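Plus 33 on top of the position in the sequence shown (first one is 1) and you've got the numbering used here.
For glycine and all other residues, C-beta sits at the position ideal for the given N, C-alpha and C.
Please read these numbers as outputs of a predicted model, since none were measured by experiment.
Data block below; observations after.
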Amino acid sequence: MSAPDLYPASDAFRQNARVGSREAYDEMYRRSVEDNEGFWAEQADRLDWIEPFDTVKDVSFDADDLHIRWYVGGKLNACYNALDRHVEEGRGDRVAFYFEPDDPKKEERRQITYAEALAETQRMASVLKDLGVQKGDRVTIYMPMIPEAVYAMQACARIGAIFSVIFGGFSPEAIAGRIRDAASDFVITADQGRRGGKTIALKANVDAALKRLGEDSEVRHVLVVRNTGGNVTWDDRDVWYHEATRSASGACPCEPMDAEDPLFILYTSGSTGTPKGVVHTTAGYCVYTSLTHEITFDWREDDVFWCSADVGWITGHSYIAFGPMINGATQVLFEGVPTFPDAGRVWDVVEQYGVTLFYTAPTLIRALMAQGDDFVTRHDRSSLRVLGTVGEPINPEAWRWYHEVVGEGRCPIVDTWWQTETGGHMLTPLPGAIDQKPGAATVPFFGIQPQVLDAEGKVLEGEAEGLLVIADSWPGQARTVYENHERFKNTYFTAYPGTYFTGDGCRRDADGYYWITGRVDDVINVSGHRMGTAEVESALVLHDAVAEAAVVGVPHPIKGQTIYAYVTLAADATPNEDLRAELRQHVRKVIGPIATPEFLQFAIAGLPKTRSGKIMRRILRKVATGEHDSIGDTSTLADPEVVDKLITGRR
Ligand code: WTA
34 MSAPDLYPAS DAFRQNARVG SREAYDEMYR RSVEDNEGFW AEQADRLDWI
84 EPFDTVKDVS FDADDLHIRW YVGGKLNACY NALDRHVEEG RGDRVAFYFE
134 PDDPKKEERR QITYAEALAE TQRMASVLKD LGVQKGDRVT IYMPMIPEAV
184 YAMQACARIG AIFSVIFGGF SPEAIAGRIR DAASDFVITA DQGRRGGKTI
234 ALKANVDAAL KRLGEDSEVR HVLVVRNTGG NVTWDDRDVW YHEATRSASG
284 ACPCEPMDAE DPLFILYTSG STGTPKGVVH TTAGYCVYTS LTHEITFDWR
334 EDDVFWCSAD VGWITGHSYI AFGPMINGAT QVLFEGVPTF PDAGRVWDVV
384 EQYGVTLFYT APTLIRALMA QGDDFVTRHD RSSLRVLGTV GEPINPEAWR
434 WYHEVVGEGR CPIVDTWWQT ETGGHMLTPL PGAIDQKPGA ATVPFFGIQP
484 QVLDAEGKVL EGEAEGLLVI ADSWPGQART VYENHERFKN TYFTAYPGTY
534 FTGDGCRRDA DGYYWITGRV DDVINVSGHR MGTAEVESAL VLHDAVAEAA
584 VVGVPHPIKG QTIYAYVTLA ADATPNEDLR AELRQHVRKV IGPIATPEFL
634 QFAIAGLPKT RSGKIMRRIL RKVATGEHDS IGDTSTLADP EVVDKLITGR
684 R
């Protein structure tokens, strides 16, 4: 018998689900669109407000008057909602985090209650205030996956500082660029991080970034959390966190924030230029992450939620640091990597803490699937209720393995499509209501109005394939690009006027289900992480041996996509294996390991260009994937012969 294409939500699940039938979903969805403001006004009750808002929604997607505001006039504090209120309402003893260290043989497992997390966050907030951090200041956070990373985010929210988290795998160069762009005055880091038994030199990377910035740096203090106790070099501006807490006050009040005050900046890659500082604001983001966390995962108070993302990505912001904490959820926080000490680690953690809701990326599922079922089945997974994925399309084979082997055929899978810019889930099945199809992100979340457009911007109805746009705003939407509203407008609101352009392609099937087909711009999705081709190309041309570079994405069995780079060399450089290794290493150093080109081809005869000098990536993609027969028309090339030479030199 062949595997089914449709997996109905199980009856057992439906009976107790928050949204327990397709009809219930349809009804709620209709209401959320027809009375959009009424729906979102009600949802605002999820939060505790200092002052009520007077206007639910004030939005224009019109490029000449682009603005997005929700809950206008309201005042609140995100940290208060994530911590204080749980303690004040008698939930202080509830576990906020089960901290699972990289190597439990060397480090202690920790269980942290909401009361403890609040106390620690207040301590951190007091220290930041003592160092001179004020409301509106930008604080850069470069941390390992330890509880202090969450305290740092919450502490900033508490005092109204705008935090900018940089993923711990990024290089000094990348840190420097982000500190500069945000004009950040403060940095919070740790001596070192731990991953898979190795240490990561976080403080040293910050030092190198600040050295690079030199005179440009406005950084006044670097607050350093002692994590491994490893050696670090020290400067006047550096402050040990454990020393600073000695003189700091244990209490620190929450700053009343405007609904539309920025909460954080998060840098993400686009098709052109340097990464964009996407800005999320306070009230709408908190409402949206809290609601989606509750509905998508069918979350209950006794659930143990584990989102395996790093806090350096939007998934870690929305579904570790905010949504679940605002709901008062109990979570697992994992410092390590899924394959250390072996490929059974994830399921060991699930068994140990009785994880009920597990949220991860397809790349991890594929990587673990390749290691065989034994690593999974030797652990008890009977606690699991819902499984989730995010970050890239999941191939049906991996979906089925996740469903059958990991979830014992019992757990609904929520394939959540969303983006850094959307703040939270946009398309997803709801576990008790929407029958699942392997590989489909299925249907829109409440209040979300997706449309499929053709290349000219015409709205397609019914079954269709084209570009995915969103026709109206939702509270979790990004408001701007930091200090660059023009770029925000040009990137998302200009090509298809009146809508938010996602940059993704999609197909809508006969049942109205959405299937994401991948990026339609020059963004590569490597292991669920966005990488701009322009960023990798600029890194390559920084090297003396490189004259020109062009980068494309090619399919990869585990990573989804991987980076294939074409390089033309400077006159005095010799194309050999040493140089190839050096150039790959160079990109790794400039951006970080996730940007390393897997393949690097010396394009000895040059790149395929039109007569006006434009590189034809379409051809480079076809050569890289070996689709030599479908390269198509090359007559517009300045020199059509380069194509044959590229094919001969393919890696
Ligand atoms: C892709 C991650 C297919 C998509 C939350 C999007 C997905 C980009 C899915 C955003 C999914 C994310 N199915 N593709 N379920 N989820 N994507 O900003 O191309 O890191 O535009 O946000 O990831 O990546 P970002």
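Could you say if the stretch 307 to 317 and the stretch 422 to 438 meet the contact criterion of at least three C-beta pairs nearer than 8 Å? Flag = no, the stretch 307 to 317 and the stretch 422 to 438 do not touch.
Could you check if residue 292 is buried or exposed, using at least 16 other CB atoms within 10 Å of its CB as the buried criterion? It is buried - the Cβ of residue 292 has at least 16 other Cβ atoms within 10 Å.
Starting from the C-beta of residue 622, find all residues in its chain whose C-beta is less than 8 Å away, skip the five residues before and the five after it, and write them out in chain order. Cβ within range, chain order: 204, 206.
Span separating the alpha-carbon of residue 685 from that of residue 616: The structure shown does not extend to residue 685, since the chain is modelled only from 34 through 684, so no value can be given for it.
With a cut-off of 7 Å, give the chain-ordered residues whose Cβ is closer than this to any heavy atom of the ligand WTA. Screening all residues for a C-beta within a distance smaller than 7 Å of any heavy atom in the ligand WTA leaves 301, 346, 347, 348, 422, 423, 424, 425, 426, 427, 448, 449, 450, 451, 452, 453, 454, 474, 535, 536, 537, 549, 551, 552, 558, 561, 562, 563, in chain order.
Measure the Cβ-Cβ separation of residue 368 and residue 608 and say whether it is below 8 Å. Between residue 368 and residue 608, the C-beta spacing is not below 8 Å.
Segments of 3+ residues assigned as beta strand (DSSP E) that fall wholly inside the stretch 258 to 315: Listed in chain order, the beta strand (DSSP E) runs fully inside the stretch 258 to 315 are 271 to 273, 295 to 301, 309 to 314, counting runs of at least 3 residues.
Where residue 197 falls: helix, strand or coil (DSSP): Three-state DSSP puts residue 197 in a strand.
With a 10 Å radius around its C-beta and 16 neighbouring C-beta atoms as the bar for buried, classify residue 123 as buried or exposed. Exposed.
How far does the beta strand (DSSP E) with residue 212 in it reach, from first residue to last? Element bounds for residue 212: not the beta strand (DSSP E) but the alpha helix (DSSP H), 205 to 215.
Taking buried to mean at least 16 other C-beta atoms within 10 Å of its own C-beta, is residue 680 buried or exposed? Classification of residue 680: exposed, given that the 10 Å Cβ count is below 16.
With a threshold of 6 Å on Cβ separation, who are the neighbours of residue 566 within its own chain once the five nearest residues in sequence on each side are excluded? Same-chain partners within the cutoff: 555, 584.
What residue from 283, 208, 289 has the CA that sits closest to residue 250's CA? Distances from the CA of residue 250 to each of 283, 208, 289 were compared; the closest alpha carbon is that of 208.
So, for residue 133: in the same chain, excluding its five sequence neighbours on each side, which residues have a beta-carbon less than 8 Å away from its beta-carbon? Within the same chain, residue 133 has close Cβ partners 142, 365, 366, 367, 368, 369, 382, 385, 386.
For residue 319, name the three-state secondary structure that DSSP assigns. Three-state DSSP puts residue 319 in a helix.
Quick check on this structure: which residue in 647, 201, 193, 126 has the alpha carbon closest to the alpha carbon of residue 626? Residue 201 is the option with its Cα nearest to residue 626.
Is the beta carbon of residue 116 sitting closer than 8 Å to the one on residue 146? No, the pair does not count as a contact, with Cβ atoms beyond the cut-off.
Given that a residue counts as buried once 16 or more other Cβ atoms are within 10 Å of its Cβ, and exposed if not, what is residue 507? So residue 507 counts as buried.
Going by beta-carbon coordinates alone, are residue 72 and residue 64 separated by less than 8 Å? Yes.
Between which two residues does the alpha helix (DSSP H) containing residue 178 stretch? For residue 178, no alpha helix (DSSP H) encloses it, and the DSSP letter there is neither H nor E.
Span of the beta strand (DSSP E) holding residue 558? Note, residue 558: beta strand (DSSP E), 556 to 559.
Can the beta-carbon of residue 191 be found closer than 8 Å to that of residue 319? With contacts defined as CB atoms closer than 8 Å, residue 191 and residue 319 fail to qualify as a contacting pair.
Look up residue 48 in the DSSP assignment and say whether it is helix, strand or coil. Helix, per DSSP.
Under three-state DSSP, which class holds residue 89? Residue 89: strand per DSSP, three-state reduction.
Output the distance between the C-alpha atoms of residue 643 and residue 650, rounded to the nearest integer angstrom. Distance between residue 643 and residue 650, taken at the CA atoms: about 11 Å.
Are the beta-carbon atoms of residue 160 and residue 278 separated by less than 8 Å? In contact: residue 160 and residue 278 (Cβ atoms closer than 8 Å).
Whole angstroms is fine: what's the gap from residue 539's alpha carbon to residue 483's? Each residue's alpha carbon lies about 10 Å from the other.
Which partner residues does residue 562 have in the DSSP bridge list? Under DSSP, residue 562 takes part in a beta bridge, and its partners are 559.
Quick check: what's the CA-CA separation for residue 661 versus residue 442? In a straight line, the C-alpha of residue 661 is about 41 Å away from that of residue 442.
Measure from the alpha carbon of residue 373 to the alpha carbon of each residue in 362, 346, 396, 408, then state which is nearest. Measuring from the Cα of residue 373, the nearest candidate turns out to be 408.
Whole-angstrom C-beta distance between residue 256 and residue 212, which should lie under 8 Å: Residue 212 to residue 256, Cβ: 14 Å. No contact.
Along the chain, where does the beta strand (DSSP E) containing residue 588 start, and where does it finish? Going by DSSP, residue 588 is part of the beta strand (DSSP E) stretching over 579 to 589.
Answer yes or no: do residue 547 and residue 475 have a C-beta to C-beta separation smaller than 8 Å? Going by C-beta atoms, residue 547 is nearer than 8 Å to residue 475.
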